[in-house]
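Numbering (the working numbering), first residue to last: 26 to 171.
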């Protein structure tokens with residue numbers, strides 16, 4: 026004879042079994058005979074590796090900084106900190122000075138200068154481009170060779 030308690034326990038057991046099996050199911054990864062990576066819920070071969078699925082991690086949204094409604098954009102922009110120029114260390118200055126000096130010597134020591142472009146072709150610099158390079162090297166030399 027089946028009682029209410031036994032019917033309830035059978036139904037509860039079935040529900041637990043149904044809920045528990047997907048929770049324990051895993052995701053497996055393996056490489057098939059064609060070299061393709063495959064994924065599945067059951068391991069197909071011995072080399073299958075069980076993958077752990079990362080759970081969604083929620084983050085708290087960062088607070089939005091509200092500006093005063095009575096002020097315009099110019100006033101709020103003025104409050105932003107200004108960029109401060111960081112002095113160049115002596116070792117770095119010496120390196121940049123040496124680069125500028127060697128660049129200037131190389132430009133003045135050669136006749137026509139050429140560069141290799143992205144296609145691998147040589148392009149000769151015009152006299153104007155050469156003078157721009159000389160001016161840039163002299164400026165760098167004046168800035169770092171004190």
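Every residue gets a Cβ at the ideal spot worked out from N, C-alpha and C, and that includes glycine.
With a contact defined as Cβ atoms closer than 8 Å, residue 128 and residue 162 qualify at about 4 Å.
Here residue 125 is buried, its C-beta having at least 16 other C-beta atoms within 10 Å.
The stretch 131 to 151 makes no contact with the stretch 105 to 123, as fewer than three CB pairs between them are under 8 Å. Distance from the CA atom of residue 74 to the CA atom of residue 114, rounded to whole angstroms, is 53 Å.
Residue 51 and residue 112 have their alpha carbons spaced roughly 57 Å apart.
The DSSP-derived three-state label of residue 158 is helix.
Annotation: residue 70 to residue 55 spans about 8 Å, alpha carbon to alpha carbon. Of all alpha-carbon atoms in 116, 63, 154, the one lying nearest the alpha-carbon of residue 170 is that of 116.
DSSP assignment within the stretch 107 to 150 yields the following whole beta strand (DSSP E) runs of 3 residues or more, N-terminal first: 139 to 141, 147 to 149. When rounded, the separation of the alpha-carbon atoms in residue 150 and residue 156 is 10 Å.
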